[in-house]
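To keep things clear, I will list the structure first and then write my remarks on it.
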Amino acid sequence: MTAQLNPRGDVAVLVPAAGAGVRLGPGAPKALRPLAGEPLLVHAVRRIAAAPSVHTIVVAAPAADVESVRLLLAPVAPVTVVPGGAERQASVAAALAAVPAGPEIILVHDAARALTPPELVESVAAAVRGGHDAVIPVLPVVDTVKEVDAGERVLGTVDRAALRAVQTPQGFRRSVLTAAHEAAGDALTDDAGLVEKLGVAVVCVPGSELALKITRPFDLALAEHLLATGA
Ligand code: CTP
Ligand code: MG
Numbered sequence: 015m016t017a018q019l020n021p022r023g024d025v026a027v028l029v030p031a032a033g034a035g036v037r038l039g040p041g042a043p044k045a046l047r048p049l050a051g052e053p054l055l056v057h058a059v060r061r062i063a064a065a066p067s068v069h070t071i072v073v074a075a076p077a078a079d080v081e082s083v084r085l086l087l088a089p090v091a092p093v094t095v096v097p098g099g100a101e102r103q104a105s106v107a108a109a110l111a112a113v114p115a116g117p118e119i120i121l122v123h124d125a126a127r128a129l130t131p132p133e134l135v136e137s138v139a140a141a142v143r144g145g146h147d148a149v150i151p152v153l154p155v156v157d158t159v160k161e162v163d164a165g166e167r168v169l170g171t172v173d174r175a176a177l178r179a180v181q182t183p184q185g186f187r188r189s190v191l192t193a194a195h196e197a198a199g200d201a202l203t204d205d206a207g208l209v210e211k212l213g214v215a216v217v218c219v220p221g222s223e224l225a226l227k228i229t230r231p232f233d234l235a236l237a238e239h240l241l242a243t244g245a
């Protein structure tokens with residue numbers, strides 16, 4: 015059954031899904047690869063659509079797959095599908111350009127974080143609604159982290175207590191994300207990085223283990239296991 019989005023919602027979610035998935039190994043674009051029998055993108059969009067504040071979902075698909083992604087997602091939720099770009103940042107910019115007037119909170123969420131619970135979408139949106147211009151979900155770093163030189167020689171140990179591993183969805187006041195993308199220079203791997211360059215404060219909220227990014231075959235196996243055990 016197709017989910018209904020909330021016409022009174024104040025959140026648009028951009029879903030960059032145009033990457034190749036090189037680190038996952040040979041095969042289809044990552045967002046279209048199966049996880050427990052359904053493409054990663056279907057899992058991701060279903061969970062976003064279940065978040066009550068969501069008014070609009072815009073997916074940036076691989077350019078060659080725009081039409082098939084529209085057909086794939088039509089039974090899942092009402093979504094707009096646009097062609098993505100060569101870098102994640104270009105895919106996000108293409109999706110941002112397709113957001114209609116209305117939603118003043120924009121979340122950017124990797125299709126690769128397919129098991130992200132709707133509650134995380136809501137908690138990031140709530141923090142933006144509460145007055146923060148830019149909000150990122152984070153987890154503590156559990157490994158000891160070393161800085162090394164080009165020859166793999168250790169230069170020092172970084173204080174782990176001051177580090178955070180960053181997830182998506184990242185949430186922004188609409189005007190802030192638009193300004194950040196207009197000012198963007200070098201491609202970065204996250205949108206908060208663009209906002210930081212504007213000098214805007216970015217705040218952290220607790221992330222979720224379920225929002226892991228499916229990057230390598232191990233992550234896909236872990237996600238299969240998590241789904242099988244109720245995620
Ligand atoms: N992405 C995108 N457009 C690109 C590159 C990435 O929309 N040109 C999206 C991916 O589809 C993914 C998210 O950005 O949902 C995070 O990127 P990543 O995990 O690196 O995915 P891929 O780029 O597909 O993987 P890889 O780097 O291994 O090729
Ligand atoms: Mg990538």
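Residue numbers for the sequence shown follow the numbering used here, so the first one is 15 and each next one is one higher.
The C-beta atom is built at its ideal place from N, Cα and C for all residues, glycine as well.
In this text, all values refer to a predicted model and were calculated from it rather than measured experimentally.
In this model, Pro220 and Arg174 are separated by some 17 Å (Cα to Cα).
The shortest CA-to-CA distance from Leu241 to any of Arg22, Asn20, Glu52 is the one to Glu52. In this structure, the CA atom of Ala100 is about 31 Å from the CA atom of Pro154. No Cβ-Cβ contact shorter than 8 Å links Asp24 with Arg187. Rounded to the nearest whole angstrom, the CA to CA distance from Thr94 to Leu87 is 9 Å. For the ligand CTP, no non-hydrogen atom lies closer than 7 Å to the CB of Ala42. Secondary structure remark: continuous alpha helix (DSSP H) runs of at least 4 residues inside the segment 37-119, in chain order: 54-63, 80-87, 102-111. Listed in chain order, the non-local C-beta contacts of Pro48 below 6 Å within the same chain number zero, local neighbours out to five positions each way being set aside. The segment 106-180 is shown to contain whole beta strand (DSSP E) runs of 3 or more residues at 119-122, 148-154, 159-162, 168-172, 178-180, in chain order.
For Arg187, the enclosing beta strand (DSSP E) starts and ends at 184-187. Burial of Val149 is indicated by the presence of at least 16 other C-beta atoms within 10 angstroms of its C-beta. Here DSSP, grouped into helix, strand and coil, assigns Val25 to strand.
Following the DSSP letters along the chain, one finds Val219 inside the beta strand (DSSP E) bounded by residues 217-220.
In this structure, Asp124 and Lys211 do not form a Cβ contact; the two beta carbons are roughly 20 Å apart against a cut-off of 8 Å. Ala75 places its beta carbon less than 8 Å from that of Gly98.
Non-local C-beta neighbours of Pro183 in its own chain, meaning closer than 6 Å and more than five positions away in sequence, comprise Leu121, His123, Val135, Val138, ordered along the chain. DSSP links Pro231 through a beta bridge to no other residue. Selection His239, Arg230, Asp233, Leu191 evaluated against Val216 yields Leu191 as nearest (Cα-Cα). Annotation: the continuous alpha helix (DSSP H) that includes Asp205 extends over 205-211.
For Ala31, the closest alpha carbon among the candidates Leu38, Lys44, Arg37 is that of Lys44. The shortest C-alpha to C-alpha distance from Arg22 to any of Arg37, Thr70, Met15 is the one to Thr70.
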